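Just so you know, we're using my numbering here: the sequence shown kicks off at 3 and counts up by one. Backbone N, C-alpha and C define an ideal beta-carbon position, used for all residues, glycine too. Only a predicted model underlies this, so the values are computations on that prediction, with no experimental measurement involved. All remarks here apply to the structure that follows.
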Amino acid sequence: MSGLFASRTMTLLEHFRVPYTVESANDGLERVGLEKGAALVWPAERGRCGAYRVGSLPIFGRLGDDSLVPSDRNWKPQAPIVDESGAEVAWIRRADDGSIFLPFDPDELVRSFWSEAYLKVASGGFGRAAKTAARRSYYAVRPLIPRGVQLALRRRFRRVQEQAVFPRWPVETALHDLCRLLLGFVDEIAGERVPRLAAWPEGRQWALVLTHDVEMTPGYEYLDSVLEVEREAGLRSACFFVPERDYRVDEVRLRELTANGFEVGVHGLRHDGRDLTAGVFERRLPAMRHYAARWQAVGFRSPATQRHWELMQRLAFDYDTSYSDVARYEPQPGGCCSWFPFFIGDVVELPITLPMDHTLFELLRHRDGTLWAEKTAFLKERGGMALMLTHPDYLLDRERLDVYRRFLGSLAADRTVWHALPREVSAWWRRRAASRIERYGDGWRVVGPASSEARIELGPLAG
Numbered sequence: 003m004s005g006l007f008a009s010r011t012m013t014l015l016e017h018f019r020v021p022y023t024v025e026s027a028n029d030g031l032e033r034v035g036l037e038k039g040a041a042l043v044w045p046a047e048r049g050r051c052g053a054y055r056v057g058s059l060p061i062f063g064r065l066g067d068d069s070l071v072p073s074d075r076n077w078k079p080q081a082p083i084v085d086e087s088g089a090e091v092a093w094i095r096r097a098d099d100g101s102i103f104l105p106f107d108p109d110e111l112v113r114s115f116w117s118e119a120y121l122k123v124a125s126g127g128f129g130r131a132a133k134t135a136a137r138r139s140y141y142a143v144r145p146l147i148p149r150g151v152q153l154a155l156r157r158r159f160r161r162v163q164e165q166a167v168f169p170r171w172p173v174e175t176a177l178h179d180l181c182r183l184l185l186g187f188v189d190e191i192a193g194e195r196v197p198r199l200a201a202w203p204e205g206r207q208w209a210l211v212l213t214h215d216v217e218m219t220p221g222y223e224y225l226d227s228v229l230e231v232e233r234e235a236g237l238r239s240a241c242f243f244v245p246e247r248d249y250r251v252d253e254v255r256l257r258e259l260t261a262n263g264f265e266v267g268v269h270g271l272r273h274d275g276r277d278l279t280a281g282v283f284e285r286r287l288p289a290m291r292h293y294a295a296r297w298q299a300v301g302f303r304s305p306a307t308q309r310h311w312e313l314m315q316r317l318a319f320d321y322d323t324s325y326s327d328v329a330r331y332e333p334q335p336g337g338c339c340s341w342f343p344f345f346i347g348d349v350v351e352l353p354i355t356l357p358m359d360h361t362l363f364e365l366l367r368h369r370d371g372t373l374w375a376e377k378t379a380f381l382k383e384r385g386g387m388a389l390m391l392t393h394p395d396y397l398l399d400r401e402r403l404d405v406y407r408r409f410l411g412s413l414a415a416d417r418t419v420w421h422a423l424p425r426e427v428s429a430w431w432r433r434r435a436a437s438r439i440e441r442y443g444d445g446w447r448v449v450g451p452a453s454s455e456a457r458i459e460l461g462p463l464a465g
């Protein structure tokens with residue numbers, strides 16, 4: 003490969019650390035390709051945003067019509083893109099020299115998953131606004147609603163949430179399948195398998211990250227019992243505390259946790275559903291940062307896993323872990339569809355990828371950890387990150403704590419896994435992003451802060 007170039011910085015290539023250089027173009031087309039040879043091409047201007055499919059793969063973004071197909075080559079239709087009614091609206095095309103024309107921007111499609119922008123076209127803007135208003139109203143009166151009534155309302159809402167077609171629960175592969183398709187196109191253009199950096203350091207095949215949200219006094223008082231289960235398995239976790247709720251956070255206890263290998267994070271400010279509300283966010287952010295500094299915390303998780311793409315970029319925390327790959331049963335439904343970290347501006351996002359204990363035990367009324375084991379096995383096979391969120395508040399039942407104990411025990415001896423704290427994963431992801439692959443003789447090498455621990459991969463993505 004003589005060297006890939008792109009007409010701009012490419013989110014897709016940066017995410018996988020594929021080596022390339024930037025050479026801008028001003029002909030109305032964006033491209034990734036070789037200096038002399040085939041290219042992956044798409045129009046800089048596109049039409050209306052919508053929900054579409056390439057074969058069985060759902061995609062969300064703006065499409066260019068046939069009038070935007072460049073006239074410099076003989077472009078032959080290869081794969082149709084259809085709208086929700088099944089009508090053909092655009093085509094992926096190929097030219098005789100091997101070039102490929104896409105009627106969409108690859109980066110826009112990737113970001114539509116990460117940011118949950120697809121909800122605007124998959125669910126409809128009015129429906130999303132109505133759900134947001136209903137969620138805010140619920141949190142406004144929640145303190146007045148008995149616990150049993152709250153749970154009954156959530157279970158009733160569950161039946162509405164289960165009507166969602168996308169993302170699928172508990173596993174949605176659309177984003178992974180899209181990246182696999184696009185990187186396959188890049189390999190074709192390059193005429194060889196393009197190198198990329200593996201997701202995890204030191205040759206580890208997948209990652210396991212344990213976290214807890216400590217929501218109220220019973221959970222705060224029971225936390226040590228949960229952590230003892232982890233100690234027995236030789237594991238450790240991150241605990242996210244609410245600074246201003248119904249329990250006083252003992253900072254001596256926090257220092258003891260970190261001294262014993264655990265991590266402390268900030269779980270919003272008051273857990274009242276308002277931290278990411280416009281106007282309230284600006285007033286509360288200084289206080290949340292203040293507690294982070296006092297606790298030496300670098301991680302944030304929003305109460306009730308509320309998300310706001312633009313506000314998350316202003317957190318000034320090292321990482322956030324409020325998004326889920328599939329958030330079907332959350333108060334804010336959706337999901338980023340990723341089982342790998344990614345950047346939201348300068349913030350590293352660590353998505354939750356295993357079903358939460360509240361979802362599993364309270365909403366769905368499961369009695370064991372079968373679903374945890376099945377999703378973990380899937381993530382291991384795909385080389386992803388199994389990031390788990392449990393609550394000491396919901397593990398008070400000894401039977402549930404035993405389920406957690408058995409789940410951890412099944413993983414403790416796995417030598418292929420990187421068991422890490424969230425802050426360690428975030429630090430690694432930053433070292434990886436600051437490193438690059440370059441030619442070295444007849445092969446490749448890694449240059450940068452991850453050079454001693456990163457691994458180069460070739461060929462299609464796993465799965």
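Same chain, Cβ closer than 7 Å to Phe273, five either side skipped, listed in chain order: Checking the displayed sequence, the identity of residue 273 turns out to be His instead of Phe. Counting only Cβ-Cβ distances below 7 Å, and skipping sequence neighbours, we find Glu217, Val244, Arg247, Pro305.
Complete runs of the beta strand (DSSP E) confined to the stretch 320 to 378 [at least 3 residues]: Runs of the beta strand (DSSP E) lying entirely within the stretch 320 to 378, each at least 3 residues long, are 344 to 346, 349 to 351 in chain order.
Of the listed residues Arg408, Gly5, His393, nearest to Ile2 (C-alpha basis): Outside the displayed span of the chain (3 to 465) sits residue 2, for which this structure offers no information.
Presumed contact (8 Å Cβ cut-off) between Glu371 and Val427, rounded CB distance: Per the sequence shown, the amino acid found at residue 371 is Gly instead of Glu. No, Gly371 and Val427 are not in contact; Cβ-Cβ is about 23 Å, not under 8 Å.
Coarse secondary structure for Lys122, derived from DSSP in three states: Lys122 falls in the helix class under three-state DSSP.
Nonlocal neighbours in the same chain, by C-beta distance under 6 Å from Arg96, ignoring five residues either side: Sequence-distant partners of Arg96 (beyond 5 residues in either direction) whose C-beta falls short of 6 Å from its own C-beta, in its chain, are Lys78, Gln80, Ile102.
Segment limits, alpha helix (DSSP H) that includes Thr260: First-last of the alpha helix (DSSP H) with Thr260: 253 to 261.
Where Pro424 falls, given that 16 or more other Cβ within 10 Å makes a residue buried: Buried is the call here.
Cβ pair Gln315, Gln334 closer than 9 Å: No.
Assigned secondary structure, Pro79 (DSSP; H/G/I helix, E/B strand, else coil): Note: Pro79 maps to strand in three-state DSSP.
Contact set for Phe342: own chain, Cβ-Cβ below 7 Å, skip 5 residues either direction: Excluding residues within five positions, the ones whose Cβ falls inside 7 Å are Ala201, Gly386, Met387.
Boundaries (first-last residue) of the beta strand (DSSP E) holding Thr13: Element bounds for Thr13: not the beta strand (DSSP E) but the alpha helix (DSSP H), 13 to 18.
Same chain only: Cβ atoms within 8 Å of Glu47, ignoring 5 sequence neighbours per side: Within the same chain, Glu47 has close Cβ partners Gly30, Gly66, Leu70.
Met358 versus Pro72: straight-line alpha-carbon distance, rounded: Pro72 has its alpha-carbon roughly 48 Å from the corresponding atom of Met358.
Three-way DSSP call (helix, strand, coil) for Gly411 in this model: Collapsing the DSSP output to three states places Gly411 in a helix.
Range of the contiguous alpha helix (DSSP H) that encloses Thr219: Counting along the chain, Thr219 sits inside the alpha helix (DSSP H) bounded by residues 219 to 234.
Sheet register partners of Arg64 (DSSP bridge): Bridge partners of Arg64: Cys51.
Contiguous alpha helix (DSSP H) assignments of at least 4 residues, all confined to the stretch 433 to 461: DSSP runs (the alpha helix (DSSP H)) wholly in the stretch 433 to 461: none.
Nearest-angstrom Cα separation, counted from Leu184 out to His214: The straight-line gap from Cα to Cα measures roughly 36 Å.
Residue nearest to Val211 in terms of C-alpha spacing, selected from Gly465, Ala414, Pro462: The shortest Cα separation from Val211 among Gly465, Ala414, Pro462 belongs to Ala414.
The stretch 350 to 365 touching the stretch 392 to 406, judged by at least three CB pairs closer than 8 Å: With the rule of 3 Cβ pairs closer than 8 Å, the stretch 350 to 365 counts as touching the stretch 392 to 406.
Rounded C-alpha distance that separates Gly465 from Lys382: Whole-angstrom Cα-Cα distance: 11 Å.
Outcome for Arg250 when other beta-carbon atoms lying within 10 angstroms are tallied against a minimum of 16: With fewer than 16 other Cβ atoms inside 10 Å of its own Cβ, Arg250 counts as exposed.
Reduced DSSP secondary structure (H/G/I, E/B, other) of Trp431: Three-state result, Trp431: helix.
Inter-stretch contact (C-beta, 8 Å, three-pair minimum) for the stretch 248 to 267 and the stretch 219 to 236: A contact exists between the stretch 248 to 267 and the stretch 219 to 236.
Alpha carbon of Phe187 to alpha carbon of Tyr396, nearest angstrom: Take the alpha-carbon of Phe187 and the one of Tyr396: they are about 46 Å apart.
DSSP-derived helix/strand/coil call for Glu246: In the structure shown, Glu246 sits in coil (DSSP, three-state: anything other than H, G, I, E or B).
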